[in-house]
Amino acid sequence: MKKITQAILFVMFAFIGTSCYGEDEKIDTNSLTSNLPILIYDSTTALQMFKHAQEIIDTTKIIVPAGSRPIKLIDIVKETLRNNHELNLGLKKLNKDQQTKLTTEKIRDAHIAYWELVYARVKLAIRQQSLALGVDILRENMIRYKYRDLITIDLYEAQVAVKFRDIQVVEAQLDLDNAMDVLRKIVSIDRDRPDWEVPLVPIDPPRFVDVDIDETLSLKFALEYDPYVKKARIEEIRSNHLPIKVRAAKNEEDRVIYAIRKCVRSIENLKRRVLCAKELVEAKRAYLRKQEISHNQGVTTSVDLLNTQSEYSQAQLYEIRTVIDYFLAHVKLECVQGTIIFSQGINWKLYHPFIPDNELMKKN
Numbered sequence: 036m037k038k039i040t041q042a043i044l045f046v047m048f049a050f051i052g053t054s055c056y057g058e059d060e061k062i063d064t065n066s067l068t069s070n071l072p073i074l075i076y077d078s079t080t081a082l083q084m085f086k087h088a089q090e091i092i093d094t095t096k097i098i099v100p101a102g103s104r105p106i107k108l109i110d111i112v113k114e115t116l117r118n119n120h121e122l123n124l125g126l127k128k129l130n131k132d133q134q135t136k137l138t139t140e141k142i143r144d145a146h147i148a149y150w151e152l153v154y155a156r157v158k159l160a161i162r163q164q165s166l167a168l169g170v171d172i173l174r175e176n177m178i179r180y181k182y183r184d185l186i187t188i189d190l191y192e193a194q195v196a197v198k199f200r201d202i203q204v205v206e207a208q209l210d211l212d213n214a215m216d217v218l219r220k221i222v223s224i225d226r227d228r229p230d231w232e233v234p235l236v237p238i239d240p241p242r243f244v245d246v247d248i249d250e251t252l253s254l255k256f257a258l259e260y261d262p263y264v265k266k267a268r269i270e271e272i273r274s275n276h277l278p279i280k281v282r283a284a285k286n287e288e289d290r291v292i293y294a295i296r297k298c299v300r301s302i303e304n305l306k307r308r309v310l311c312a313k314e315l316v317e318a319k320r321a322y323l324r325k326q327e328i329s330h331n332q333g334v335t336t337s338v339d340l341l342n343t344q345s346e347y348s349q350a351q352l353y354e355i356r357t358v359i360d361y362f363l364a365h366v367k368l369e370c371v372q373g374t375i376i377f378s379q380g381i382n383w384k385l386y387h388p389f390i391p392d393n394e395l396m397k398k399n
């Protein structure tokens, strides 16, 4: 009886083993790579995608592909002021405070659109790099499966990871195309031009620069140039300091004070997050290298390596997102201060003679 039981167990394990190695399933490995943007057995294609993506991620050298249009932030701001029909109409009909407010909003929108395009471009590169890394593992697993050196589930794990990363690339490409259209709309690009749809490549690199903020000076500018504070103070003086007008002026000042405090706090917080994100990326990169060595030695599985790759790409995304948010936090502070119009190094009178003069413009 004992021998019969052992024989049955032997047959069962033999069946399970052959099933795992695919003898019964007869998987068509070619179907695993259908619709991928990389030739699975051509390692050169994946390597080229990896290197191209790394150049964009590093931002050490901005490469503008043939048929693309390089753009700089300052040029986008100029085009926004020059071509925006809403702005041109508003500057002729509104009072000086309203003109300044509208101009500030348009400059802010130009900054946001530009840096979101930078983020979308780097995000696509990170997704492409992750896909290239996953394809290398899938290629290896397909070869090992073919020679019965790998079980079916490991092959499927690699396929799922690669397919998911391919979806992420498609989504990132959509985000990049949408970001380009947002920027085209901001600058009111002439759609009658034959080249109006050419890809836009931002050439101002998203490099972190540690800037110390003088909160006292920021508050001084904000209280001086905020139109609602100025209006409330004038009404207070004209009313001979009636209590209700005094409270109204104080409320406006409090609004500005807390807005400045929030902006400064956000910048300081983002500064710390950027530094932590850079350290996180370095740590994840080192961990990925160790996992690759362990995988080559057979210590870890391809699933472990795929998970480490995903964690690395997420760390890269977090780093570039925090850097972009850091830039935008400075833009928001400039808007609250009321100084963004005069901090770009541009003679704004050349574009809009209706922009009011003030001490900052005279200094520039």
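In my numbering, the protein residues as written are 36 to 399.
By construction, the Cβ of each residue, glycine as well, lies at the ideal position given by its N, Cα and C atoms.
Every value quoted in this text rests on a predicted model; they were computed, and no experiment measured them.
Q: Apply the 10 Å Cβ neighbour rule to histidine 365 and answer buried if 16 or more other Cβ atoms are within range, or exposed otherwise.
A: One-based indexing of the sequence shown puts residue 365 at position 330. Histidine 365 should be labelled buried.
Q | Whole-angstrom distance between valine 99 and isoleucine 106, CA atom to CA atom | A | Here residue 106 refers to the residue found at position 71 when the sequence shown is read from its first residue. Here residue 99 refers to the residue found at position 64 when the sequence shown is read from its first residue. Cα to Cα, the separation comes out at about 10 Å.
Q: Name the residue from Lys181, Asp132, Ala160 whose alpha carbon lies nearest to the alpha carbon of glutamate 413.
A: Residue 413 lies beyond the range of the chain shown here (36 to 399); nothing can be said about it.
**Q.** Beta-bridge partners of leucine 235, as assigned by DSSP
**A.** For the purposes of this step, residue 235 is identified with residue 200 of the sequence shown, where counting begins at 1. Answer by DSSP bridge pairing, in chain order: Arg104.
Q) So proline 237 and arginine 156 are in contact, right, with Cβ under 8 Å, and what is the actual spacing, rounded? A) Taking the first residue of the sequence shown as 1, we reach residue 237 at position 202. Taking the first residue of the sequence shown as 1, we reach residue 156 at position 121. Between arginine 156 and proline 237 the Cβ distance is about 7 Å, and since that is below 8 Å, they are a contact.
Q.
For the structure I just gave you, are there three or more beta carbon pairs, one from the stretch 140–148 and one from the stretch 164–179, closer than 8 Å?
A. no
Q: Give a yes or no on contact between the stretch 146–154 and the stretch 351–361, applying the rule of three or more CB pairs nearer than 8 Å.
A: yes
Q. What are the complete beta strand (DSSP E) segments, minimum 3 residues, inside the stretch 94–180?
A. 104–106
Q) If you run the structure through DSSP and keep just helix, strand and coil, what is serine 274? A) Counting from one through the sequence shown, the residue named residue 274 turns up at place 239. In the structure shown, serine 274 sits in coil (DSSP, three-state: anything other than H, G, I, E or B).
Q) Are there 16 or more other CB atoms within 10 angstroms of the CB of alanine 312, so buried, or fewer, so exposed? A) To locate residue 312, count along the sequence shown from 1; it is residue 277. Flag for alanine 312 reads buried.
(Q) By the DSSP assignment, the alpha helix (DSSP H) with leucine 209 in it spans what residues? (A) By 1-based counting over the sequence shown, the position of residue 209 is 174. It spans 187–221 - the alpha helix (DSSP H) in which leucine 209 sits, taken as one unbroken run.
Q) Which ranges would you report for the alpha helix (DSSP H) in the stretch 239–320 if only whole runs of at least 4 residues count? A) 250–260, 262–273
Q: Assign glycine 169 to buried or exposed, taking buried as 16 or more other Cβ atoms, counted over all protein chains shown, within 10 Å of its Cβ.
A: Here residue 169 is taken as the residue at index 134 of the sequence shown, counted from 1. It is buried - the Cβ of glycine 169 has at least 16 other Cβ atoms within 10 Å.
Q. DSSP on threonine 336, reduced to helix/strand/coil?
A. Locating residue 336 in the sequence shown gives position 301, counting from the first residue. Coil, per DSSP.
Q: Check the C-beta distance from aspartate 201 over to leucine 166 and give it rounded, since I have them as a contact under 8 Å.
A: Sequence index remark: in the sequence shown, residue 201 carries index 166 (1-based). Sequence index remark: in the sequence shown, residue 166 carries index 131 (1-based). Rounded, the Cβ-Cβ distance is 6 Å, consistent with contact.
Q) Quick one, are the C-beta atoms of histidine 330 and leucine 323 less than 8 Å apart? A) In the sequence shown, counting from the first residue as 1, residue 330 sits at position 295. In the sequence shown, counting from the first residue as 1, residue 323 sits at position 288. No.
Q: May I have the straight-line CA-CA distance separating isoleucine 376 from leucine 305, to the nearest angstrom?
A: For the purposes of this step, residue 376 is identified with residue 341 of the sequence shown, where counting begins at 1. For the purposes of this step, residue 305 is identified with residue 270 of the sequence shown, where counting begins at 1. So the two alpha carbons sit approximately 24 Å from each other.
Q) Are there three or more Cβ pairs, one per stretch, closer than 8 Å when the stretch 239–253 is compared with the stretch 186–194? A) no
Q. Would DSSP call serine 348 helix, strand or coil?
A. Counted from its first residue, the sequence shown places residue 348 at position 313. Correct three-state label for serine 348: helix.
Q) In chain order, what residues of the same chain have a beta carbon less than 7 Å from the beta carbon of serine 337, not counting five sequence neighbours either side? A) Residue 337 sits at position 302 when you count from the first residue of the sequence shown. Within the same chain, serine 337 has close Cβ partners Ile172, Asn176, Asp189, Glu192, Ala193, His330.
Q.
Please classify valine 197 as buried or exposed, where buried requires at least 16 neighbouring CB atoms within 10 angstroms.
A. As a first step, residue 197 is located in the sequence shown; it is residue number 162 there, counting from the start. Per the 10 Å Cβ criterion, buried.
Q.
Check this for me: beta carbons of arginine 320 and tyrosine 347, under 8 Å apart or not?
A. If you number the sequence shown from 1, residue 320 lands on position 285. If you number the sequence shown from 1, residue 347 lands on position 312. In this structure, tyrosine 347 lies closer than 8 Å to arginine 320 by Cβ.
(Q) Quick check on DSSP: helix, strand or coil for isoleucine 224? (A) Numbered from its first residue, the sequence shown carries residue 224 at position 189. Residue state, collapsed to three classes: coil.
Q) How about glutamine 351 and isoleucine 97: are their beta carbons less than 8 Å apart? A) Walking along the sequence shown from the start, residue 351 turns up at place 316. Walking along the sequence shown from the start, residue 97 turns up at place 62. Result no, Cβ atoms of glutamine 351 and isoleucine 97 do not sit closer than 8 Å.
Q) Between valine 264 and glutamate 287, which are expected to be in contact by the criterion C-beta below 8 Å, what is the C-beta distance as a whole number of angstroms? A) Stepping through the sequence shown from its first residue, residue 264 is reached at position 229. Stepping through the sequence shown from its first residue, residue 287 is reached at position 252. That belief holds up - the Cβ atoms of valine 264 and glutamate 287 are roughly 5 Å apart, short of 8 Å.
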